[in-house]
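Taking it in order: structure first as structure tokens, then the write-up.
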Amino acid sequence: LRGWRAEFVSGVVGQIGFPEYARACAALDNPGDFVEHWKQFASAAEVATALRGAKRKGEWMCLADLDPAVYGCYEALARTIVNEFKGGVQFFDEVCETLNKKPSQGISFEDFTEGCRVLGVKLPSAMNTRRALLYGFDLHSYGRLTEESFAFLEGGGRSAPRRVSGAIKRTESVRSKIAEVKKRSAGLREVAAFRKALNRQFGNTIRAWRVALNEDGNSTLSKAELFKACQKIDGYRGDVRTLWSILDVEQQGIITMAQIDYRAAHHLAHFRQFCKNRYGSATRPGSGTPGRASGRTDGPCVRAFEFMETPARESPRTSPRSSPTPRGSKGTPRSPARKKKVKLARFQSCLNEMGFQASGGCTFAMLFELLTLPNSNCLTREDCVFLDAWRPPDQLLIVDD
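Going left to right, the sequence shown walks through residues 402 to 802 as the numbering used here numbers them.
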């Protein structure tokens, strides 16, 4: 293969006549009876052509006539390189990428074989045929394979080595895109591990946001706050810098609840918008619950909560039993200003009564879990106050089609 490329056709695919064959044999020290050799090759080529059902015009010879085994292996490898890797230089860069080697330094035949195995590119199983094939690509006998070895598969022929630098420049953008995709893939895996740790410790990402991440309640999270919060999350010891680079995709220096879990934030935004449409966006003076500061205002989500908890408060099942305090005991009576709560069953029945329809495959039970805090089976007023204080971005309100 190397001799064919060096003396006849550097691009392998092609044919020669007797004049080209005679000039190449004359340059050899001991050519032998090259006329007789030519007749043998030509005769064998005619037989092979006839067996294929084709017609052969004139006397000529190709590499398939000289070494059918090597040519068959070369043709299969070249077809894979051109069709799957879009060219020789791109293919060589992919091989080097799998081996963590620089393409400019070249690689040995053994490393090339290993890289092809990783990429799933088949090479001849016979050692002699494989070595002859790789020697054929090493046209200038460097003892290693370089980008120049495969540049002719870009369609370069003999002028390909002069265009290797141009081919390298064309692949620089491809290489940078591959690196960018790999970096983002690693970042997405980091985000998935982070969310998994949050779900395992807090139940869901929204609970983690309220309890561990956004402790100051300002609806945003800075880089320093994220780094500090990650130290408190059990089971997560990942690369926080990579995590931040993926979450802060707009490079604003802050992230929001939607960037931690877009789908969960979308469900909450949809419920918040429903309450806003039903009860209005304007706040009203609070009901003056004892123990709270004056001037408190109630948003639409709090009003929806009051609609849910009012029947439950009047129900005899939920009203405290009036039993006399035993004599001599120092028991304290139940406080009249007890904390109002709504359980899941009441939450579901009220949403059905209000005509609420969850979006994007979210169930009422899933929404209930997103609204409540960890280790709590009841919805409280503070949960709805948190939702009223949140200002979701407009894209969260887009309904899935």
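Glycine residues also receive a C-beta, built at the ideal position from the N, C-alpha and C atoms. Since the model is a prediction, treat every value here as computed from it, not as a measurement.
N- and C-terminal bounds of the alpha helix (DSSP H) containing residue i
i, result
"Leu467", "Leu464 to Leu467"
"Cys497", "Gly489 to Leu500"
"Phe553", "Premise fails: Phe553 is in no alpha helix (DSSP H) and is neither H nor E."
"Trp405", "Arg403 to Glu408"
"Arg532", "Met528 to Phe538"
"Leu798", "Careful: Leu798 lies outside any alpha helix (DSSP H) and carries neither H nor E."
"Phe757", "That residue, Phe757, is in no alpha helix (DSSP H); it is neither H nor E in DSSP."
"Leu771", "Phe765 to Leu772"
Nearest-angstrom Cα separation, counted from residue j out to residue i
i, j, result
"Gln506", "Arg424", "36 Å"
"Glu495", "Ile634", "38 Å"
"His671", "Asp795", "11 Å"
"Gly654", "Gly473", "58 Å"
"Ser623", "Gln749", "36 Å"
"Phe513", "Glu408", "25 Å"
"Gly604", "Leu520", "40 Å"
"Val490", "Ile482", "9 Å"
"Ala625", "Leu478", "52 Å"
"Trp791", "Lys583", "35 Å"
"Gly404", "Gly537", "8 Å"
"Val471", "Ala580", "35 Å"
"Asp466", "Leu402", "12 Å"
"Pro701", "Asp649", "31 Å"
"Asn484", "Ala527", "24 Å"
"Leu627", "Arg664", "20 Å"
"Gln602", "Leu752", "29 Å"
"Phe493", "Ala630", "44 Å"
"Cys676", "Thr657", "22 Å"
"Ala713", "Glu707", "Any reading at Ala713 needs caution, since the residue's pLDDT is 46, under 50, leaving its predicted position unreliable; the model's value is listed next. So the alpha carbons of these two residues sit roughly 10 Å apart."
"Phe769", "Leu644", "28 Å"
"Thr711", "Arg704", "11 Å"
"Leu745", "Cys763", "15 Å"
"Ala561", "Ile508", "Reliability fails at Ala561, whose pLDDT of 40 lies under 50, so the model's placement of it is uncertain and no value is given."
"Glu549", "Gln652", "40 Å"
"Tyr502", "Arg406", "Note on identity: in this sequence residue 502 is Lys, with Tyr being the wrong assignment. Taking the straight line joining both Cα atoms gives about 27 Å."
"Thr719", "Ser586", "Any reading at Thr719 must be qualified, since the residue scores a pLDDT of 40, below 50, and its modelled position is unreliable; the value itself is stated next. Each residue's alpha carbon lies about 52 Å from the other."
"Val662", "Leu797", "Checking the sequence shown, residue 662 turns out to be Asp, not Val. When rounded, the distance between both Cα atoms is 11 Å."
"Ala598", "Ala659", "17 Å"
"Leu554", "Glu437", "33 Å"
"Gln674", "Pro775", "24 Å"
"Asp784", "Ser777", "11 Å"
"Leu540", "Gly418", "22 Å"
"Leu771", "Arg782", "14 Å"
"Phe510", "Ala613", "54 Å"
"Leu534", "Pro420", "26 Å"
"Ile647", "Thr773", "28 Å"
"Tyr680", "Gly618", "24 Å"
"Asp789", "Asn600", "24 Å"
"Val743", "Met709", "7 Å"
"Thr690", "Met755", "Since pLDDT at Thr690 reaches only 42, below the 50 mark, its modelled position is unreliable, and no value is offered."
"Gln806", "Ala666", "Shown here, the chain extends from 402 to 802; a query on residue 806 therefore has no answer."
"Leu524", "Thr530", "9 Å"
"Lys487", "Thr621", "45 Å"
Host beta strand (DSSP E) of residue i (start-end)
i, result
"Val522", "No beta strand (DSSP E) holds Val522; DSSP gives it neither H nor E."
Contact with chain D by residue i, beta-carbon distance below 8 Å
i, result
"Lys742", "No chain D appears in the structure shown, which is made up of a single protein chain."
Beta-bridge pairing of residue i - partner residues as DSSP gives them
i, result
"Ile508", "Leu546"
"Leu780", "Val743"
"Ile417", "Met462"
Residue i beta carbon near the ligand MN (any heavy atom closer than 7 Å)
i, result
"Thr547", "This structure lacks the ligand MN, and indeed carries no ligand of any kind."
**Q.** Segments of 4+ residues assigned as alpha helix (DSSP H) that fall wholly inside the stretch 649-685
**A.** You should have 658-661 and 663-680.
Q.
Runs of 4 residues minimum, wholly inside the stretch 582-642: which ones carry the alpha helix (DSSP H) assignment?
A. Qualifying alpha helix (DSSP H) stretches, in chain order: 606-609 and 624-631.
Q: Please confirm if the stretch 635-653 is in contact with the stretch 606-617, defined as three or more CB-CB distances below 8 Å between the two stretches.
A: Not touching, per the Cβ criterion.
Q) Okay, do the stretch 744-763 and the stretch 591-602 touch, 3+ Cβ pairs below 8 Å being the bar? A) With the cut-off at 8 Å, the stretch 744-763 and the stretch 591-602 do not touch.
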